[in-house]
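Protein chains in written order, with the numbering used here: chain A, 1 to 403; chain B, 1001 to 1403.
Ideal placement from N, C-alpha and C gives every residue a C-beta, glycine not left out.
Structure first, then comments.
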DNA sequence: TTTAGCAGTCAATTTTAGTGAGTGCTAATT
DNA sequence: AATTAGCACTCACTAAAATTGACTGCTAAA
């Protein structure tokens, strides 16, 4: 059996409908809402075929059809259109990016909240520092007879403070001397360069300052470990509770628990940006508002024979309509795909999130990396979510260029 | 009608039962479970009286009774016993307090998570800096030709960094000079002392450094505003979803939304530690493990004629049994009550949390203040929650003494 | 004052019947 | 050969009816 043009149209109609209503879609609904020029009986036959092909499912014998994971996959890979971001949303995004922030943390929090507000889904962002960062400058400042302030400046103006208490009194001169020596030793060393060997080496060299140096080096080591740890922020968790698929309180609890547990969250997000065989990567095609209608998502990788077939059909179909869709081989895109958007559907996620879809963008601000993930039900509004996310990414890229 | 001894016993039995089962409690249940030596008919009569007095309610005619807010109030004010913290919990608390933390933030997060785990309720902590803090030291460090690092040291070793980019190149000597002058001007000024007048004044005096000074003073002003803002952290939100009173998904969503909204959360917590007429304040009586059984909560303030009557009875009752409960007038305790635990029940909270009870402890670490709040259903396990909280507070106090 | 006993209440549960949106199959039509 | 009309069948969902049982309040006896 083949996945022909008409089948795809019907599938698309069903998925669109199901995304809106969350109710199984029947043949008569399709006949009435979409002018396909065929009777419900024919649609019924096609639906039976689509089910056999694995794109649709029936919750029970006398119900309409709902999309299977495979159905969503095809939809996401091939049928997504670019919807325009509302002017209101546009404004909110611009306002966010024009505001000045005292820390990246605060910015990311506001960003997450906004994205959640604009999509009505839960948004999780992660943030971790680049291990390749190097130490640029260390300062030791005497702020109290027995208190020393250690200021460590990393690449790209990241700064860390640590306060340490010492038993003996140390003059600022000595501290400056120690700092100078440390700067010499640690200059241009990256965080991962700083290991036990290096620290013992330094301790040897600066033996006479042992009492002060030891705690300082300990603190630096601690700090490095600390920097490594990713941080997470979740916005709009309550949104998850508004979808009919999560009325089962257990499901909801499971999900909220997942988002509160750093370890589980780590797994979830790592998985979400894996570019293994499942999951799509969509390219951030340049979307000027002038030629929006042509701004479709480019296909980077496909997963399944059937989907490949379908892809060919859909592509052909779109070309006929003078669209710019092109198939890009994985290799060609290796480099730029780093920053792309990935979409994981249902079972492609960790078991705890098997009823969700996750749209993830991996950002890289040189000194800080991380990701922005939108989590919703499988029948989430992919089009709007991706559009909003893309708008935000565009602003991020622009801003990055300016700084 | 009077609230006699037997009525109080029955009330206590009902509340204890309801806390465990979340089901309306009937007269026969009480007769069977508690050996009060009276028949269900008598209990029935007493229950009718208790309802008339406002301590109990009936969800519907043919149901058992549940406690009213007033009933809980009496229970919390007068009937709470001190339960011992389990050795396992004890250990977890000790582990937490023995761990070293690089920031108070991280410590408070772990603390919240632990408290949530030990109580099975949601825990919210807030944290804000004392406006009375003064600036101890300002350092300006040249980290790049056009980049200056501003390090501000506040009282009690709080340190803030800010990086600023300037157009012209400035030598470290000039920076040090500016820093020295700033230190002179700002020495011992508290955060609230630093206003527009003072900054314009400084700008006048140091006119020749205008280009560098202006952004620096702006940043300091920004920083002060930033410091003022309280921060919140919520742990164990998913716990809220496990109580039968919140099976209604709307209720649950409302609550989780509340905890995600900084403004609403602010109101909630401010209200929770108000010591206006409603709400109890319990004193942290010294709880040595040796005389745990006598370690009851002291009553500081009461709210209602009926409750006062009841209080007298309960107190008398407990004295007979050689307990240490004593009534303390509000005035006598003005000073120490700062650090006490307050309990808000149902309608005493902001409307959004009217079905919850909130146990709050206001901590004060000199440089940082804030609160720790446990939020659960009105029929929450006050005894365990308070015991665990008290154990944590004790550890905090001890640690504070050591630093 | 207490208690046994009984009639009455009402939420919750179970049962029953009815409805309607949906299907699959078949035979007629294009 | 593909499409469609028509029909029997399925089954979740709903509303109404019947049943259950955990309560109460009241009364009269102890």
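Cβ atoms of residue 57 of chain A and residue 68 of chain A come within 8 Å of each other, at about 5 Å. Bridge partners of residue 128 of chain A according to DSSP: A:369. Around the C-beta of residue 207 of chain A, fewer than 16 other C-beta atoms lie within 10 Å, and the residue is accordingly described as exposed.
In this structure residue 1161 of chain B does not touch residue 163 of chain A by the C-beta definition: roughly 13 Å separates them, more than the 8 Å allowed. Using a Cβ-Cβ cut-off of 8 Å, residue 216 of chain A does not count as an interface residue toward chain B, since no Cβ of chain B sits closer than that to its own. The DSSP-derived three-state label of residue 1233 of chain B is strand.
Pairing residue 24 of chain A with residue 73 of chain A gives a Cβ-Cβ distance that is not under 8 Å. Across the set B:1345, B:1082, B:1175, the C-alpha of B:1175 shows the shortest separation from the C-alpha of residue 1148 of chain B. In the DSSP annotation of this structure, the continuous segment of the beta strand (DSSP E) that includes residue 1344 of chain B starts and ends at 1341-1345. Interface annotation, residue 1251 of chain B: not in contact with chain A, CB-CB separation never under 8 Å. Sequence-ordered contacts of the segment 1198-1225 of chain B with chain A read 1222, 1223 [C-beta pairs closer than 8 Å]. The Cβ atoms of residue 1205 of chain B and residue 1214 of chain B do not sit closer than 8 Å to each other. DSSP places residue 150 of chain A inside the beta strand (DSSP E), whose first and last residues are 147-154.
Taking all protein chains in view, the Cβ of residue 1379 of chain B is crowded by 16 or more other Cβ atoms within 10 Å, so the residue is classified as buried. Interface criterion met: the Cβ of residue 1163 of chain B is under 8 Å from a Cβ in chain A.
Neighbours of residue 153 of chain A in chain B, taken as residues at a C-beta separation under 8 Å, are given in chain order as 1141, 1143, 1149.
In the three-state DSSP reduction, residue 1065 of chain B falls in the strand class (E or B).
DSSP places residue 139 of chain A inside the beta strand (DSSP E), whose first and last residues are 135-144.
Bridge pairing for residue 182 of chain A: absent [DSSP].
According to the DSSP assignment, residue 94 of chain A belongs to the alpha helix (DSSP H) that extends over 87-98. Look at residue 146 of chain A: its C-beta is not under 8 Å from any C-beta on chain B. Closest in alpha carbon position to residue 1050 of chain B, among B:1265, B:1234, B:1012, is B:1012. Chain order gives no chain A residues near residue 1126 of chain B, where near means a beta carbon separation below 8 Å; the closest approach is about 16 Å.
Taking C-alpha positions only, residue 1034 of chain B is separated from residue 1400 of chain B by approximately 44 Å.
The Cβ atoms of residue 1186 of chain B and residue 1154 of chain B lie no closer than 8 Å to each other.
Minimum Cα-Cα distance from residue 9 of chain A among the listed residues A:172, A:31, A:340 corresponds to A:31. Distances from the alpha-carbon of residue 375 of chain A to those of A:384, A:358, A:47 put A:358 closest. Apart from sequence neighbours up to five positions away, the residues of its chain that approach residue 391 of chain A with a beta-carbon distance below 6 Å are 85, 93, ordered along the chain.
For residue 152 of chain A, the number of other beta carbons within 10 angstroms of its own is at least 16, and it is reported as buried. In this structure, DSSP gives residue 262 of chain A a helical state, which the three-state scheme calls helix. In terms of beta-carbon proximity, residue 260 of chain A lines the interface with chain B, with at least one pair separated by less than 8 Å. Of all alpha-carbon atoms in B:1188, B:1140, B:1053, the one lying nearest the alpha-carbon of residue 1166 of chain B is that of B:1140.
Neighbours of residue 1159 of chain B across chain A, judged by C-beta separation under 7 Å: 149, 161, 163. Residue 136 of chain A has a beta carbon lying within less than 8 Å of a beta carbon in chain B. At the C-beta level, residue 387 of chain A and residue 82 of chain A come within 8 Å of one another. Apart from the 5 residues on each side of it in sequence, residue 1234 of chain B sits with its Cβ closer than 6 Å to the Cβ of 1124, 1259 in its chain, given in chain order.
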